[in-house]
Amino acid sequence: MTSDPALSGLTGSIIHDTIVPARAPWLHHVAKGEVLRIVDLEGNQAVDFLIYSAADDAERYSAQDTVAAQGNLFLRTGSVLLSNEGNALMTIVDSAVEYHDTIGGACSCESNTLRYGHHTRYQHACVDNFLEANLTEGRGKRDIVSNINFFMNVPVEEDGTLGIVDGISAPGLTVDLRAEMDVIVVVSNCPQINNPCNGFNPTPVRMIVAAG
Amino acid sequence: MSGTADPKSAREHARAQGNIRVETMPIIPPVADDLPEGVAPDDLVWEETVAPGGYTSRRIARGTRLRLIDKGGDACASLNIFNAEMPTERLNVADTVKVQWNAYLGAGKLLLSDMGRVLMAILEDGAETHDTFCGVSNAATNTRKYREGRNSGAYPNGRDRLILGAAKHGLTRRDVHPCVNLFKGTRIEADGSITPVIGPFAPGRTVLLRAEMEVIVVIANCPHVLDPRPEYASTPLRITAWRGPVTPDDDSVRNATPEGQRAYLNTEDNYRR
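Chain order of the listed sequences is A and B.
Numbers 104 to 315, taken from the numbering used here, label the letters of the first sequence in order.
Numbers 962 to 1234, taken from the numbering used here, label the letters of the second sequence in order.
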């Protein structure tokens, strides 16, 4: 018996359970059928997220294929996360937050200079985390594509205006992803401090993998 | 006797084709009788009409003007862009919409790289129906819609076309990244739903871009992935490009927003050598 509310509803045995520190990268292989739960421990912490097919990492998450197939920009419970070749990589099987973003991309040292000014050049950024994690397995810059931002809120207005605005998550809220094939998950626990994606205060998140 | 039974007659047979002219082909050397006023014919560098379902790719120089014309009302120019000198730098669609605080492309908008630089700028837009969200069709989507979607079949898909175009410049499957679609559009509703804006449109709509870096452009001309029609609706896409000056400091597109200005500063810094 467990009293840990973060494990509530996970039926399979827990095979991995870790805290990703604020601002850090994380890489993990998730086997087909396993469920990855992300816990937004302190609330409104953007989790930048890429997925690669473990069998062929040239096949990877495609934000464009995913939103085109579901006819909607927002990722919700039931969203199937598709690859660039149209195959299901993972499915969002449960989400305590109404929707997640996949159009806002990842912050980088370079885009920070555009959005905020050249004084931000040496701040931490998600693309550096993606690179650091991917380089450990031989992937590089050309393997980084448009990503998912769990717990991040990017509305689009009628005239096309869009932006990262105050989040709709809260401490302890979770999202559950079931792997539909053997995948490699690469995460940047977003270090951004110039917009509200982390409430201007990057915090840790918890990653739990349960057997299917 | 067959006209191709021996090498000499086969050579005659092949050479007899050499003067055939069709609508969809490259014109080499380039000729265009509708260049804008002030453009010298000697500055023309590219004249080509891409077939329905076809693709093309080419390196063009900084300052080059790239004009795209939807000749029949059903062209869809799916565009990937690479820094020709370092192709790991490429179009970043997410940064393009995020940095400019807007998802809809049009005159004055920039196409940004993942290195905080401007790859191309949209100077004129006679279409105003473009798409940054949906990307291209792939073999699976075309097989569902048209029963097959192979490069070698009648209904090639956008992704495989972009892969071939990129491969002609030494790039691979890994390099084909999220694209923008010109001429076929999407609108986003309040609940996030995507409304395709597919037409068909009036023939002759034109978009004019300016290369802000030495770039490789890869263009596929396949039906938009959310085209609701059961038939493979695709018409020729005309491409014309001519040499032009590098963007000056007082350019109105360069100076339209503080984010764009910094993107141009980064671009200019890249060529400070």
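C-beta atoms are modelled at their ideal positions from N, C-alpha and C, and glycine is treated no differently.
Pick from the options that is closest to residue i, judged by C-alpha positions
{"i": "P319(A)", "options": "P307(A), N175(A), V257(A), V288(A)", "result": "Nothing about residue 319(A) can be read from this structure; chain A reaches only from 104 to 315."}
{"i": "T223(A)", "options": "E260(A), I122(A), S272(A), I296(A)", "result": "I296(A)"}
{"i": "W1007(B)", "options": "R1023(B), V992(B), A1001(B)", "result": "V992(B)"}
{"i": "C300(A)", "options": "S165(A), T216(A), G266(A)", "result": "G266(A)"}
{"i": "G1205(B)", "options": "L1029(B), A1151(B), T1025(B), C1140(B)", "result": "T1025(B)"}
{"i": "L1052(B)", "options": "G1077(B), R1233(B), S1154(B)", "result": "G1077(B)"}
{"i": "E261(A)", "options": "G1131(B), A1100(B), A1082(B), S1154(B)", "result": "S1154(B)"}
{"i": "D1152(B)", "options": "S116(A), A209(A), G174(A)", "result": "G174(A)"}
{"i": "R1135(B)", "options": "G241(A), V259(A), G263(A), I251(A)", "result": "G241(A)"}
{"i": "P1139(B)", "options": "P1002(B), V1054(B), G1119(B), L1170(B)", "result": "V1054(B)"}
{"i": "N1149(B)", "options": "T1090(B), I1030(B), S1113(B)", "result": "Looking at the sequence shown, residue 1149(B) is not Asn but Ile. The shortest C-alpha separation from I1149(B) is found at T1090(B)."}
{"i": "T1196(B)", "options": "G1033(B), D1121(B), L1029(B), I981(B)", "result": "G1033(B)"}
{"i": "A1068(B)", "options": "R1215(B), M986(B), R1223(B)", "result": "R1215(B)"}
{"i": "D160(A)", "options": "G181(A), N187(A), A171(A)", "result": "N187(A)"}
{"i": "P1013(B)", "options": "A1202(B), R982(B), N1118(B)", "result": "N1118(B)"}
{"i": "G263(A)", "options": "S165(A), L176(A), Y164(A), G136(A)", "result": "L176(A)"}
{"i": "N292(A)", "options": "C229(A), A171(A), L238(A)", "result": "C229(A)"}
{"i": "L1132(B)", "options": "E283(A), I251(A), D279(A), R245(A)", "result": "R245(A)"}
{"i": "T194(A)", "options": "S106(A), R281(A), A313(A)", "result": "R281(A)"}
{"i": "L1029(B)", "options": "W1203(B), P1209(B), P1219(B)", "result": "W1203(B)"}
Cβ-based neighbour list, residue i, same chain, cut-off 6 Å, excluding 5 preceding and 5 following
{"i": "E235(A)", "result": "P128"}
{"i": "L1198(B)", "result": "V1011, A1036, A1038, N1182"}
{"i": "P305(A)", "result": "A125, R126, P294"}
{"i": "A1088(B)", "result": "F1144, R1166, V1168"}
{"i": "I988(B)", "result": "E1008"}
{"i": "L1170(B)", "result": "L1027, M1081, I1083"}
{"i": "G315(A)", "result": "G115, G136, E137"}
{"i": "N1227(B)", "result": "G1077, R1078"}
Boundaries of the alpha helix (DSSP H) in which residue i is found, first to last residue
{"i": "G1126(B)", "result": "1119 to 1128"}
{"i": "V248(A)", "result": "Unbroken run through V248(A): none, as it is neither H nor E."}
{"i": "P1219(B)", "result": "1219 to 1231"}
{"i": "L265(A)", "result": "Careful: L265(A) lies outside any alpha helix (DSSP H) and carries neither H nor E."}
{"i": "R163(A)", "result": "Note, R163(A): premise wrong, no alpha helix (DSSP H); not H, not E."}
{"i": "H974(B)", "result": "968 to 976"}
{"i": "T1104(B)", "result": "1100 to 1107"}
{"i": "D1056(B)", "result": "1054 to 1060"}
Span of the beta strand (DSSP E) around residue i
{"i": "A1172(B)", "result": "1166 to 1172"}
{"i": "V142(A)", "result": "138 to 143"}
{"i": "D151(A)", "result": "150 to 156"}
{"i": "L130(A)", "result": "128 to 133"}
{"i": "R218(A)", "result": "It is not in any beta strand (DSSP E) - R218(A) instead sits in the alpha helix (DSSP H) that spans 212 to 218."}
{"i": "R281(A)", "result": "276 to 282"}
{"i": "L234(A)", "result": "Counting along the chain, L234(A) falls outside any beta strand (DSSP E), though it belongs to the alpha helix (DSSP H) covering 229 to 238."}
{"i": "A109(A)", "result": "First-last for A109(A): undefined, no H or E at that position."}
{"i": "V290(A)", "result": "286 to 292"}
{"i": "M1076(B)", "result": "Element bounds for M1076(B): n/a, residue is neither H nor E."}
{"i": "I1155(B)", "result": "1155 to 1158"}
{"i": "T1147(B)", "result": "1146 to 1149"}
Contacts around residue i, its chain only, beta-carbon distance under 8 Å, and the 5 residues preceding and following it disregarded
{"i": "Y219(A)", "result": "N297"}
{"i": "N1063(B)", "result": "K1070"}
{"i": "A109(A)", "result": "R140, V142, G275, T277, R309, I311"}
{"i": "G1126(B)", "result": "Y1016, T1017, S1018, N1041, V1179, I1180, A1181"}
{"i": "E1109(B)", "result": "N1103, A1115, Y1116"}
{"i": "V248(A)", "result": "L153, R163, Y164, S165, A166, N187"}
{"i": "V1097(B)", "result": "S1039, N1118, G1119, R1120, R1122, L1123, C1140, N1142, A1181, C1183, V1186"}
Close Cβ partners of residue i (< 7 Å) along its chain, the five nearest in sequence each way excluded
{"i": "V1058(B)", "result": "A1064, T1093"}
{"i": "D1056(B)", "result": "L1073, D1075"}
{"i": "N147(A)", "result": "F254, G270, S272, N301, G302"}
{"i": "A157(A)", "result": "H132, D285, V286, I287"}
{"i": "G208(A)", "result": "S249, N250"}
{"i": "G181(A)", "result": "I195"}
{"i": "T965(B)", "result": "A971, H974"}
Contact test: residue i Cβ vs the ligand NAP heavy atom, cutoff 7 Å
{"i": "E984(B)", "result": "With respect to small molecules bound, the structure shown includes none, and the ligand NAP cannot be examined in it."}
Cβ pair count under 8 Å reaching 3, the segment 235 to 255 of chain A against the segment 201 to 221 of chain A: The segment 235 to 255 of chain A vs the segment 201 to 221 of chain A: in contact.
Continuous beta strand (DSSP E) assignments of at least 3 residues falling wholly in the segment 169 to 208 of chain A: 183 to 185, 191 to 198
Validate contact between the segment 1164 to 1180 of chain B and the segment 213 to 231 of chain A using beta carbons, cut 8 Å, 3 pairs: no
At least 3 beta-carbon pairs within less than 8 Å: the segment 1012 to 1024 of chain B vs the segment 1169 to 1185 of chain B: yes
At least three beta-carbon pairs within less than 8 Å, the segment 277 to 293 of chain A to the segment 145 to 154 of chain A: yes
3 or more residues per run - each beta strand (DSSP E) lying fully within the segment 1014 to 1046 of chain B: 1016 to 1021, 1026 to 1031, 1038 to 1044
The segment 1117 to 1137 of chain B / the segment 1041 to 1052 of chain B touching (three or more Cβ pairs under 8 Å): yes
Inside the segment 1175 to 1224 of chain B only - beta strand (DSSP E) runs reaching at least 3 residues: You should have 1176 to 1182, 1198 to 1203.
Stretch-stretch touch, CB-based, cutoff 8 Å, three pairs: the segment 1142 to 1162 of chain B with the segment 1183 to 1195 of chain B: yes
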